[in-house]
Each structure stands twice: as C-alpha cells, then as structure tokens.
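Chains as they are written, first to last, in the working numbering: chain G, 200 to 403; chain B, 200 to 403.
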DNA sequence: GGGGTTATATACTCTTTAGTACAATACAGA
DNA sequence: TCTGTATTGTACTAAAGAGTATATAACCCC
C-alpha cells in the first residue's frame, strides 16, 4: 500500500495516450459544441471505443470538463500569460493580439471552446454551460484584478473603472471568438484588436 | 382560380396562429440552439403537435429558418433601423446601445439568436450554421456600405477604413451578445457600448 | 508459468430523436 | 346536406442518442 497513488502499474496497460485522446475530444467539442458532439464523433476521433472512454474519463460531461481544463492549461493558451505583462497596456495588447492570432490559428478549430462549447444548449448541457460561464467570468475578474493592481501602481489613471475596462476587453475578445468562428482571418482580427486598443486609457 | 394566392379558405381551418407559434419556436431556438432544441421542446412551447408543425412549417430546419426570418424583421429589431440614422456616429451609437439594451432585455431570451443559434454544432445543423454566418456577414457589409456613404458625404475622415470599422463594431456587438447570454445587465452592456464608441473616428 | 487486475471489443440496453400514416374532424362551397 | 379539402390527434417507424454487461486479452507480481 504505497502512500503515493502513482499510476497503478497493475492490470492490462491502457493502449492509448490519455492526453492525446483528450486533445482529440477537445477538437470535437470545439467544433461541434457539447450538444452537437455525439459519443460516436468522440470515440472515432479519439480512436478508442466507448467502454475505454467511460472507464478513462467517466462520462460525456466529465470528458468535456477535462477537455476544457486541458484547453485552459495548454502552452499556446494566451489569457493567463498576458496577465503577467509588466504594464496594463501590454497586458491588454498581448491579450487581444493573442486572442486574434490564436482563435484564427489553422492548427486547431477556430474560435474559442469556452465561448462556443455550450452557449445555447439543451437541458442536458446546462451543467457545462454554467461551468463555461463561470470560467469566462473568472477570467474577467482576473483581468480586473490585474488592472486594479495597475491603478495602484500608477500605471493607469486613478479614476479608471477597472471592472468596466476588463468587461470591455473581454467583450471584444468574445466578439473576436465569434468572428474567428465565422472565418475571419488573422489579419482582420489583429486589426480589430488594434482598434479596440485605441480606446485604452493612457498611463500618466 | 384567383390570381392572388390568399390563404386558401378551404378545408379545416388551422387552430393556431402561425405567427404566435413561430415566435414560441424562436424562443426555444434562441435559448437552446438548433441542436439543443428537440421537436418535443418545440411542439410543447408552440402548443401544437408534430403533424401540425410539419404541415405548417416543413421540418425542423425550415422552422428554424422561418424563425430567424421573423427575428430579423421584428419591430424591436435594432440593426436595420440604426443604419438610417443621419450620421455615421449616430448609426454606430444607435446600433451599439440598441444591441446592449435589446440583448439584455428580459422580455425574451438573452443574447442573439443569430449568434447562439448554431455556433458550434452537429453536421445536421451545418446548413443553418452556414445561413447564420452569411446573415452576420451580410449585416457587416450593410454597415460597411453605410460607412462608405458617410465617407463620401464627408461625415467620416476620407482615410477611414470602412470595412475595418464595420468589422470592429460588429465584433463588439457579437461580444455583447455573449456577455448578455452570460447574464450581463443592461447597464453593464451600455457601458461597454460607450467604451467601444470612444474610439470612433471624429468627423471633420 | 499461474493468479490477480485492468483494459479492450462486441454486443447489447433503454430512451429519445426526427419524421410519418391514418383515421377522425371541421370548415367552404354547391 | 353532401362533397371535397385541409388540419388534428394518436400511434407509429427507423435511426441515433448515452451508457453498460460480458467475455477476452494483456500486463505485473509472485
């Protein structure tokens, strides 16, 4: 009985890589949304069959939640790293330009799974819709806190409304997600990002 | 054989109002999306049963298309009327503030059915997704043409990029749709709309 | 090499899906 | 009132949905 529950090396070994399979599942949910993705879609994309999916990931809902968890922590994720830029303007710029580039990137589905994964959906998907909404709101709050820090550091005017500015930036990012999902090019979206940055308050 | 094909008054008369039923169907699609809306959801909301739905509207896809047609032409629609404002700035302002107010209005589902009706969806919904994308692009083009007119009228600087400006405004409107769908209040969205208007080019 | 354990593949369950057949019903015109 | 036509309600179909039972296969440890 080992104290550390390291991946039990007993029994038949799993014949697929969970990370890879999760990535494939993410692509399906990203493209089709939670309601639009059937288990057949998922298993055939993941290259496994249903019992393997269920034993490895629980069920459709848990698979979705693990897929978006993976999505948020991918190395090419743009939101969290942007918060670490030195100035508020650079945070906004990195975030918007990052969104424009990432969401139109042809190496994965267009748009943002946090937006289009379950926007309008059946009752069966209401749980995941709730989670997505909360995650988006959490991002908006994280950005607000970063902007409040910038105000405290005199990097932004003291009368800046951090909540409103954060909401504005997140609104544009969400809009970019829709445009990307509709086929907008990277150049078009970067242009939109720069226009949105034009109204960013000047530091003093 | 009358020349005008007025509603044939032969046979058993329809027991429900098609307009009202269509409005109910719209609400279902608006809330649940095309994939998430089942025929049971639709018929129970519309207060009719399946054969009536099929004989009156064709099938699920045609019902959806008629529902969004109705949506676009409703009196409380905000996009088309905004294009008729006298100045480009007023067009943008009317459109953004209208979007903010309309999409958070509690008298119908939040957000925009043209955005959330079929954003990421199954193959069965790919036809309606295509239509929605085209309609959104058409709106963007209509706005671009209105802005080009403004440039010709010296209402906007001659070096204004009408396509980019139109895309920017539509991006914000789409973002507002997401925020509204996530529960943002009218006040919050109007604030976002005003921030977006801050970067609108000044007339000369 | 055998025993315990876990994954795999096939084949199944039950529910819900979109869509329809058909008999009964309600109206207009003759 | 009779006839033709179109809608209605009930009951149905065939396919697809999510999820599972079971037998077999592959590994580690003893």
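Idealized CB from N, CA, C, for every residue including glycine.
Note that the structure is predicted; figures quoted are calculated from it, not measured.
Mind checking which residues open and close the alpha helix (DSSP H) that includes residue i?
| i | result |
| --- | --- |
| residue 250 (chain B) | 249-256 |
| residue 279 (chain G) | 278-281 |
| residue 303 (chain B) | 287-303 |
| residue 374 (chain G) | 361-380 |
| residue 216 (chain B) | First-last for residue 216 (chain B): undefined, no H or E at that position. |
| residue 335 (chain B) | 325-351 |
| residue 239 (chain B) | 238-245 |
| residue 209 (chain B) | Residue 209 (chain B) -> no alpha helix (DSSP H), and no H or E assigned at all. |
| residue 393 (chain B) | 385-396 |
| residue 261 (chain G) | 259-271 |
Using a Cβ-Cβ cutoff of less than 7 angstroms, which residues in the same chain neighbour residue i once the five nearest sequence positions on both sides are dropped?
| i | result |
| --- | --- |
| residue 347 (chain G) | 361 |
| residue 290 (chain G) | 281, 282, 284 and 345 |
| residue 228 (chain B) | 236, 263, 266, 312 and 316 |
| residue 277 (chain G) | 294, 297, 298 and 301 |
Which residue's Cα is closest to the Cα of residue i: the options?
| i | options | result |
| --- | --- | --- |
| residue 392 (chain G) | G:302, G:282 and G:280 | G:302 |
| residue 324 (chain G) | G:264, G:276 and G:209 | G:264 |
| residue 351 (chain G) | G:287, G:209 and G:267 | G:287 |
| residue 220 (chain G) | G:269, G:384, G:209 and G:380 | G:269 |
| residue 355 (chain G) | G:248, G:383, G:401 and G:388 | G:401 |
| residue 319 (chain B) | G:379, G:389 and G:359 | G:379 |
| residue 321 (chain G) | B:215, B:222 and B:238 | B:238 |
Using only the alpha-carbon positions, how far apart do residue i and residue j sit?
| i | j | result |
| --- | --- | --- |
| residue 399 (chain G) | residue 353 (chain B) | 27 angstroms |
| residue 374 (chain G) | residue 395 (chain G) | 11 angstroms |
| residue 357 (chain G) | residue 349 (chain G) | 9 angstroms |
| residue 234 (chain G) | residue 296 (chain B) | 32 angstroms |
| residue 328 (chain B) | residue 218 (chain G) | 30 angstroms |
| residue 246 (chain G) | residue 254 (chain G) | 15 angstroms |
| residue 315 (chain G) | residue 211 (chain B) | 44 angstroms |
| residue 317 (chain B) | residue 311 (chain B) | 11 angstroms |
| residue 292 (chain G) | residue 381 (chain G) | 23 angstroms |
| residue 377 (chain B) | residue 330 (chain B) | 19 angstroms |
| residue 343 (chain G) | residue 363 (chain G) | 8 angstroms |
| residue 216 (chain G) | residue 222 (chain G) | 10 angstroms |
| residue 359 (chain G) | residue 273 (chain G) | 32 angstroms |
| residue 259 (chain B) | residue 397 (chain G) | 44 angstroms |
Leaving out five residues before and five after residue i in sequence, what residues of the same chain have Cβ atoms less than 6 angstroms from its Cβ?
| i | result |
| --- | --- |
| residue 230 (chain B) | 308 |
| residue 262 (chain B) | 224 and 256 |
| residue 243 (chain G) | none |
| residue 208 (chain B) | none |
Can you list, in chain order, the residues of its chain with a C-beta nearer than 8 angstroms to that of residue i? Leave out the 5 residues immediately preceding and following it.
| i | result |
| --- | --- |
| residue 339 (chain B) | 365, 366 and 369 |
Since I believe residue j is in contact with residue i (beta carbons under 8 angstroms), could you give me their beta-carbon distance rounded to a whole number of angstroms?
| i | j | result |
| --- | --- | --- |
| residue 389 (chain B) | residue 371 (chain G) | Between residue 371 (chain G) and residue 389 (chain B) the Cβ distance is about 16 angstroms, and since that is not below 8 angstroms, they are no contact. |
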